[in-house]
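So the sequence shown is residues 227 to 564, counted in our numbering.
Beta carbons are placed, not taken as given, at the ideal position from N, Cα and C, and that holds for glycine.
Quick caveat, the model's predicted, so the values are computed rather than measured.
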Amino acid sequence: MACSCVGRLFCNPCNVQPSFRTVSNMVSSGFTSQLRLISPMKLPSASSSALFSLALLKSSFLPLITANFSAQGVGISVSSFKVHQITVQVKPGRNDLVVCFGELLIDFVPTVGGVPLADAPAFKKAPGGAPANVACGIAKLGGNSAFVGKVGDDEFGYMLCDVLKDNKVETKGIRFDSQARTALAFVTLREDGEREFMFYRNPSADMLFEVHELDTDLLKQASILHYGSISLITEPSRSTHLEAMRIAKEAGALLSYDPNLRLALWPSAAAAKEGIKSIWERADIIKVSDEEVVFLTDGDPKDDQNNMKMFHPRCKLMLVTEGGEGCRYYTPVCSSSS
Numbered sequence: 227m228a229c230s231c232v233g234r235l236f237c238n239p240c241n242v243q244p245s246f247r248t249v250s251n252m253v254s255s256g257f258t259s260q261l262r263l264i265s266p267m268k269l270p271s272a273s274s275s276a277l278f279s280l281a282l283l284k285s286s287f288l289p290l291i292t293a294n295f296s297a298q299g300v301g302i303s304v305s306s307f308k309v310h311q312i313t314v315q316v317k318p319g320r321n322d323l324v325v326c327f328g329e330l331l332i333d334f335v336p337t338v339g340g341v342p343l344a345d346a347p348a349f350k351k352a353p354g355g356a357p358a359n360v361a362c363g364i365a366k367l368g369g370n371s372a373f374v375g376k377v378g379d380d381e382f383g384y385m386l387c388d389v390l391k392d393n394k395v396e397t398k399g400i401r402f403d404s405q406a407r408t409a410l411a412f413v414t415l416r417e418d419g420e421r422e423f424m425f426y427r428n429p430s431a432d433m434l435f436e437v438h439e440l441d442t443d444l445l446k447q448a449s450i451l452h453y454g455s456i457s458l459i460t461e462p463s464r465s466t467h468l469e470a471m472r473i474a475k476e477a478g479a480l481l482s483y484d485p486n487l488r489l490a491l492w493p494s495a496a497a498a499k500e501g502i503k504s505i506w507e508r509a510d511i512i513k514v515s516d517e518e519v520v521f522l523t524d525g526d527p528k529d530d531q532n533n534m535k536m537f538h539p540r541c542k543l544m545l546v547t548e549g550g551e552g553c554r555y556y557t558p559v560c561s562s563s564s
């Protein structure tokens with residue numbers, strides 16, 4: 227059954243999950259194409275929003291954006307829709323590969339919900355790492371994705387690599403470190419609704435990723451390079467992160483940035499703010515949470531004027547996720563509230 231809610235990751239009540247091809251097949255071949263995309267003003271959840279931002283930016287029709295969104299009609303709620311006309315210029319020879327760079331780790335989650343980590347009776351392991359999650363999400367939607375990063379030469383590292391392979395994510399950009407272990411994170415959602423994290427990275431393998439270990443050929447094939455900020459915290463991973471961005475950008479890729487703030491990993495709040503902002507204006511696409519907006523701006527994430535302070539001249543799309551309430555989006559010419 228085909229879903230009429232094209233552009234929406236999950237639809238209620240039909241709950242149909244469209245693939246990348248549903249969207250990309252609407253685009254004609256050639257250097258310049260037009261797409262009429264019906265999309266909801268609000269997306270149903272923060273995780274859906276993050277994946278939708280990359281689904282919308284499938285590189286078969288968005289390597290270069292030459293004209294931006296124009297909205298017709300006004301959406302009011304989750305069930306309301308806007309129609310966008312997007313004109314895009316497709317660079318000859320580009321494929322549809324989304325390369326995700328960053329951390330790949332094991333999350334340990336309590337077997338019971340709503341308890342602090344110290345009160346958990348037991349934990350179960352789960353694959354984790356925000357960039358790796360995006361790579362899997364893209365592949366599950368029918369897209370073409372790869373992961374670039376470093377894990378330990380240990381059982382957890384090989385297990386994580388196998389999980390990516392099972393999800394049809396290209397793994398030739400993964401390196402294994404015999405001197406450091408795969409990163410571990412303990413995470414819980416407490417009864418008060420707050421998340422609690424505890425990390426084991428002293429150092430972990432992802433922190434030791436070096437420039438010479440990058441698969442430059444893979445990065446040059448990317449139409450989109452997606453990354454976070456955790457690899458910016460220490461050297462040598464910071465220099466490796468910056469070099470990956472340079473290689474991909476010079477080869478014609480869009481840069482997609484989800485800061486994924488984990489304050490406990492940074493030396494201080496000031497260092498986190500400085501580190502996250504250090505690469506801000508290089509990104510073509512930015513996805514931030516409402517909590518990150520507060521952290522970065524000291525302002526209200528529901529205030530469009532405040533959010534637009536983060537929108538730099540080179541940015542083509544910015545999404546502000548609002549948990550279960552969906553997300554706001556911003557382009558150079560329109561926003562979800564325009």
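### Message
What would DSSP say about Glu-548, mapped onto helix, strand or coil?
### Response
Reduced to three states, the DSSP call for Glu-548 is coil.
### Query
What did DSSP end up calling Arg-247 once you bin it into helix, strand or coil?
With a pLDDT of only 26 at Arg-247, under 50, the local geometry of the prediction cannot be trusted, and the value read off the model is given with reservation. Helix.
#### Entry: Asp-388 vs Gly-354 beta-carbon contact at 7 Å
No, they are not a contact pair.
### Query
Buried or exposed: where does Lys-513 fall if 16 or more other Cβ atoms within 10 Å of its Cβ makes it buried?
Result: buried.
### Query
Out of Cys-541, Pro-336, Gly-525, which has the shortest C-alpha to C-alpha gap to Lys-350?
Of the candidates Cys-541, Pro-336, Gly-525, the one whose C-alpha sits nearest the C-alpha of Lys-350 is Pro-336.
### Query
According to the Cβ coordinates, are Val-338 and Ser-371 closer than 7 Å?
Remark: C-beta atoms of Val-338 and Ser-371 do not approach each other more closely than 7 Å.
### Query
Whose C-alpha, out of Ala-509, Met-471, Arg-508, Cys-553, is nearest the C-alpha of Asp-530?
Between Asp-530 and the set Ala-509, Met-471, Arg-508, Cys-553, the nearest pair of CA atoms involves Cys-553.
#### Entry: Among Gly-550, Glu-551, Asn-533, nearest to Met-544 - alpha-carbon criterion
Of Gly-550, Glu-551, Asn-533, the smallest CA-CA separation from Met-544 is found for Asn-533.
### Beta-ladder partner(s) of Ala-372, from DSSP
BP columns for Ala-372 point to Val-325, Glu-396.
### Query
In its own chain, which residues sit with a C-beta less than 7 Å from the C-beta of Gly-454, not counting the 5 before and 5 after it?
So the list reads Gly-328, Ala-356, Pro-357, Asp-484, Pro-485, Asn-486, once near-sequence residues are dropped.
### Query
Taking the alpha carbon of Glu-551 as the point to measure from, which residue in Asp-524, Asp-516, Ser-561 has its own alpha carbon closest?
Considering only alpha carbons, the answer is Asp-516.
### Query
Span of the alpha helix (DSSP H) holding Ile-473?
Per DSSP, the unbroken alpha helix (DSSP H) holding Ile-473 starts and ends at 463 to 476.
### Task
Specify, as a first and last residue, the run of the beta strand (DSSP E) that Pro-353 falls within.
349 to 354 is the span of the beta strand (DSSP E), which, as asked, contains Pro-353.
### Query
The alpha helix (DSSP H) with Ile-502 in it runs from where to where?
Start and end: 495 to 503.
#### Entry: Residues of its chain near Val-360, where Cβ-Cβ distance is below 6 Å and the 5 sequence neighbours each way are ignored
Cβ contact annotation for Val-360 (same chain, cutoff 6 Å, sequence separation greater than five): Cys-326, His-452, in chain order.
### Task
Could you say which of Ala-495, Glu-422, Val-519, Asn-393 lies nearest to Glu-548 if we only look at CA atoms?
With respect to the C-alpha of Glu-548, the residue from Ala-495, Glu-422, Val-519, Asn-393 having the closest C-alpha is Val-519.
### Message
Quick check: what's the CA-CA separation for Asp-524 versus Thr-460?
### Response
The C-alpha of Asp-524 lies about 25 Å from the C-alpha of Thr-460.
#### Entry: Proximity to Gln-447 [Cα-Cα], best of Ser-494, Ala-474, Asp-432
Closest option to Gln-447, judged by alpha-carbon separation, among Ser-494, Ala-474, Asp-432: Ala-474.
#### Entry: Nearest candidate by alpha-carbon position, reference Ile-364, set Leu-323, Lys-376, Leu-330
Among Leu-323, Lys-376, Leu-330, the Cα nearest to that of Ile-364 is on Leu-323.
### Message
Please state whether the Cβ-Cβ distance between Lys-376 and Ala-431 is less than 7 Å.
### Response
Inclusion of Lys-376 and Ala-431 in the CB contact set at 7 Å is warranted, their separation being smaller than that value.
### Message
Under DSSP, the beta strand (DSSP E) around Met-534 begins and ends at which residues?
### Response
Looking at the DSSP string, Met-534 is not in any beta strand (DSSP E); the run it does join, the alpha helix (DSSP H), is 530 to 534.
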